[in-house]
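Line by line, the protein sequences are chains A and B.
In this text, residue positions in the first sequence follow this note's numbering: the first is 18, and each later residue adds one.
In this text, residue positions in the second sequence follow this note's numbering: the first is 18, and each later residue adds one.
All remarks here apply to the structure that follows.
There are 2 protein chains.
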Amino acid sequence: MKRVKVSNNVIRRMPRYLRKLDELTEAGITRISSFDLGHQLGLTPSQIRQDFSCFGEFGQQGYGYNVAALREQVAAILGMDRGFHAVLIGVGNIGRALMENFCFSEWGFHLLCAFDIKPELIGTELSGVPIRDMAEMERFLSDNAVDVAVLAVPKEAARRVTERLTACGIGAIWNFTNVELTDPNSNILVENIHFSDSLLSLSYFISERKDEEAIRAAKAEKLAEADKQDQ
Amino acid sequence: MKRVKVSNNVIRRMPRYLRKLDELTEAGITRISSFDLGHQLGLTPSQIRQDFSCFGEFGQQGYGYNVAALREQVAAILGMDRGFHAVLIGVGNIGRALMENFCFSEWGFHLLCAFDIKPELIGTELSGVPIRDMAEMERFLSDNAVDVAVLAVPKEAARRVTERLTACGIGAIWNFTNVELTDPNSNILVENIHFSDSLLSLSYFISERKDEEAIRAAKAEKLAEADKQDQ
Numbered sequence: 018m019k020r021v022k023v024s025n026n027v028i029r030r031m032p033r034y035l036r037k038l039d040e041l042t043e044a045g046i047t048r049i050s051s052f053d054l055g056h057q058l059g060l061t062p063s064q065i066r067q068d069f070s071c072f073g074e075f076g077q078q079g080y081g082y083n084v085a086a087l088r089e090q091v092a093a094i095l096g097m098d099r100g101f102h103a104v105l106i107g108v109g110n111i112g113r114a115l116m117e118n119f120c121f122s123e124w125g126f127h128l129l130c131a132f133d134i135k136p137e138l139i140g141t142e143l144s145g146v147p148i149r150d151m152a153e154m155e156r157f158l159s160d161n162a163v164d165v166a167v168l169a170v171p172k173e174a175a176r177r178v179t180e181r182l183t184a185c186g187i188g189a190i191w192n193f194t195n196v197e198l199t200d201p202n203s204n205i206l207v208e209n210i211h212f213s214d215s216l217l218s219l220s221y222f223i224s225e226r227k228d229e230e231a232i233r234a235a236k237a238e239k240l241a242e243a244d245k246q247d248q
Numbered sequence: 018m019k020r021v022k023v024s025n026n027v028i029r030r031m032p033r034y035l036r037k038l039d040e041l042t043e044a045g046i047t048r049i050s051s052f053d054l055g056h057q058l059g060l061t062p063s064q065i066r067q068d069f070s071c072f073g074e075f076g077q078q079g080y081g082y083n084v085a086a087l088r089e090q091v092a093a094i095l096g097m098d099r100g101f102h103a104v105l106i107g108v109g110n111i112g113r114a115l116m117e118n119f120c121f122s123e124w125g126f127h128l129l130c131a132f133d134i135k136p137e138l139i140g141t142e143l144s145g146v147p148i149r150d151m152a153e154m155e156r157f158l159s160d161n162a163v164d165v166a167v168l169a170v171p172k173e174a175a176r177r178v179t180e181r182l183t184a185c186g187i188g189a190i191w192n193f194t195n196v197e198l199t200d201p202n203s204n205i206l207v208e209n210i211h212f213s214d215s216l217l218s219l220s221y222f223i224s225e226r227k228d229e230e231a232i233r234a235a236k237a238e239k240l241a242e243a244d245k246q247d248q
């Protein structure tokens with residue numbers, strides 16, 4: 018694929034386009050204008066056109082986008098057709114939720130196996146995925162081409178396991194541990210799911226809204242006060 | 018608090034600062050320069066100074082930042098001292114993982130209760146949080162001041178439950194359902210946790226890296242070929 022340097026914001030919008038296009042497909046909609054697509058996503062039509070222009074010309078003047086074709090192109094942009102291999106490290110609540118509810122294959126990933134240290138889990142399967150002994154991780158990673166490790170171990174174990182993964186030459190970590198793994202000297206790709214970051218951003222927006230409401234209320238009160246004095 | 022319009026990127030970095038400052042505190046570090054803080058976060062010192070300047074003057078020339086004071090200020094910026102109230106809707110794998118592993122109070126939130134439709138769950142507690150009948154949700158929300166609903170219901174139920182929450186006048190939703198809830202006409206704040214968006218962004222970055230490696234390898238091969246022909 019043609020690779021130009023695309024801004025992080027554009028990349029982060031691609032999965033949203035994909036979800037929307039899947040929704041449209043489900044609803045039986047086969048083509049859509051950039052205006053309607055933008056309206057449904059809270060984006061301007063020109064932003065939509067600009068985003069896609071980073072990767073080629075997908076729409077057609079006066080026709081809009083063919084939903085199925087655009088969906089396929091977005092999926093290819095995101096690498097969903099590459100069949101990346103993943104392993105999961107840590108079968109606690111989060112690991113279990115991922116294995117039971119998150120459909121890796123829907124996004125083009127093969128979840129090869131999971132690793133844990135709990136004897137009662139080792140040798141069992143969950144949703145058809147075998148759970149192996151953490152002690153075998155290094156061997157498994159050297160015997161198999163694994164593109165991404167899904168890190169769902171307890172916080173305390175995050176750094177030690179990351180060191181082991183780095184030593185194995187793993188290229189990417191999908192990090193659920195809420196521990197900042199970024200080492201400026203490391204070449205590893207880390208994508209974080211920080212629940213708390215997300216909640217705290219929401220907390221910021223709620224606070225902002227409450228402050229704005231308080232300011233409006235205070236102004237209204239002042240105005241009413243001034244009106245009273247004028248009378 | 019003084020409110021200026023702050024860019025989304027700055028807001029999204031605030032929780033990362035908080036995590037880093039907590040790490041520093043744990044490591045016994047009481048002050049840090051913007052240079053070192055930036056180095057540890059993969060940001061430039063001037064970006065760090067700019068980010069904080071949106072909210073006031075926190076550092077001191079030649080001294081750097083007092084870790085404890087900065088931590089307190091970031092927490093206040095994020096609204097962690099406001100004691101927001103939350104309810105959880107849906108006690109499946111994700112809901113359970115949140116109740117058992119995610120410490121809402123650590124981030125300033127009180128999780129008042131959870132709602133579900135499964136008779137065997139209703140009336141029980143998980144991590145000290147009562148699970149109530151989904152049918153009681155409207156009454157509970159009208160009797161209690163709730164700032165945010167954590168939405169962890171199955172995909173199919175996402176929109177219907179959101180309509181019910183909107184009708185109750187809820188101000189914010191923390192959305193784990195992987196369904197796009199944004200309605201351009203709604204005033205509700207929605208913060209999404211889309212596991213697939215995150216994985217697909219990672220998928221993009223892995224693809225990009227593989228393509229770059231392939232291009233480099235092809236170039237090296239061509240060069241070697243040319244060298245051979247020259248000889």
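Cβ atoms here follow ideal geometry from the backbone N, Cα and C, with glycine treated the same way.
Proximity test, Cβ basis, 8 Å: A/G188 and chain B: yes
Sufficient close CB pairs (3 or more, under 8 Å) joining the segment 86-106 of chain B to the segment 30-49 of chain B: yes
Interface residues of the segment 81-103 of chain B facing chain A [CB-CB below 8 Å]: I94, L95, G96, M97, R99 and F101
Local conformation of B/A166 per DSSP, three classes: strand
The segment 202-211 of chain A / the segment 128-147 of chain A touching (three or more Cβ pairs under 8 Å): no
Contact with chain B by A/G140, beta-carbon distance below 8 Å: no
Cβ pair A/L219, B/V165 closer than 8 Å: yes
Closer than 8 Å to chain B by CB, A/I28: yes
Partner residues on chain B for A/P37, Cβ-Cβ distance less than 9 Å: Looking at the sequence provided, one finds Lys at residue 37 of chain A rather than Pro. Per Cβ cutoff of 9 Å: E197.
Contact set between A/M151 and chain B, taken where Cβ atoms lie within less than 7 Å: In chain order: nothing, as chain B lies at least about 19 Å away.
The segment 98-109 of chain A in contact with the segment 123-131 of chain A per 3-pair CB rule at 8 Å: yes
The segment 209-227 of chain A: positions lying closer than 9 Å to chain B by Cβ: N209, I210, H211, F212, S213, D214, S215, L216, L217, S218, L219, S220, Y221, F222, I223, S224, E225, R226 and K227
Assumed close pair B/I190, B/V207 - CB separation to whole angstroms, cut-off 8 Å: 5 Å
Nearest to B/I210 (by Cα), restricted to the options B/I46, B/D228 and B/V167: B/V167
Cα-Cα separation, B/Y80 to B/T47: 11 Å
Sequence-distant residues of the same chain with beta carbon closer than 8 Å to B/R308, five excluded per side: An answer regarding residue 308 of chain B cannot be provided, because it is not within the stretch 18 to 248 covered by chain B.
Pair within 8 Å by beta-carbon distance, A/P32 and B/D228: no
Residues that DSSP places opposite A/N48 in a beta bridge: The sequence shown places Arg at residue 48 of chain A, rather than the Asn named in the question. Answer by DSSP bridge pairing, in chain order: A/N83.
For A/D160, three-class secondary structure by DSSP: helix
Own chain, CB closer than 7 Å to B/V23, minus 5 neighbours either side, in chain order: C71
Where B/P62 falls: helix, strand or coil (DSSP): helix
Beta-carbon neighbours of B/L143, restricted to chain A and to distances below 7 Å: Those within 7 Å of B/L143 in chain A number zero; the least Cβ separation is about 11 Å.
Any C-beta of chain B under 8 Å from that of A/D164: yes
Coil, strand or helix - B/H211 by DSSP: coil
Same chain, Cβ closer than 6 Å to A/L95, five either side skipped, listed in chain order: M31
Integer-rounded CB distance, given that B/V170 should sit under 8 Å from B/L143: Their Cβ separation, rounded to whole angstroms, is 16 Å, which puts B/L143 and B/V170 out of contact at 8 Å.
Cα-Cα separation, B/M116 to B/D160: 23 Å
Proximity to A/A162 [Cα-Cα], best of A/C185, A/A175 and A/A237: A/C185
Closer than 8 Å to chain B by CB, A/R33: yes
Cross-chain neighbours of B/Q126 in chain A, by beta carbon under 9 Å: First, the residue type needs correcting, since residue 126 of chain B is Phe and not Gln in the sequence shown. Near B/F126 (Cβ distances below 9 Å), the residues of chain A are L216 and S220.
Distance, A/F121 Cα to A/I49 Cα: 28 Å
Host beta strand (DSSP E) of B/N26 (start-end): Taken as a continuous stretch (DSSP letters only), B/N26 belongs to no beta strand (DSSP E), being part of the alpha helix (DSSP H) at N25 to E43.
Cut-off 7 Å between Cβ atoms - residues of its own chain near B/F75, not counting five sequence neighbours on either side: F69, Y82, L87 and Q90
Other residues of its chain near B/L35: CB distance less than 6 Å, five sequence neighbours each side excluded: V91
Below-8 Å beta-carbon distance, B/L105 vs any chain A residue: no
Proximity of B/L158 and B/T179 at Cβ, strictly below 8 Å: no
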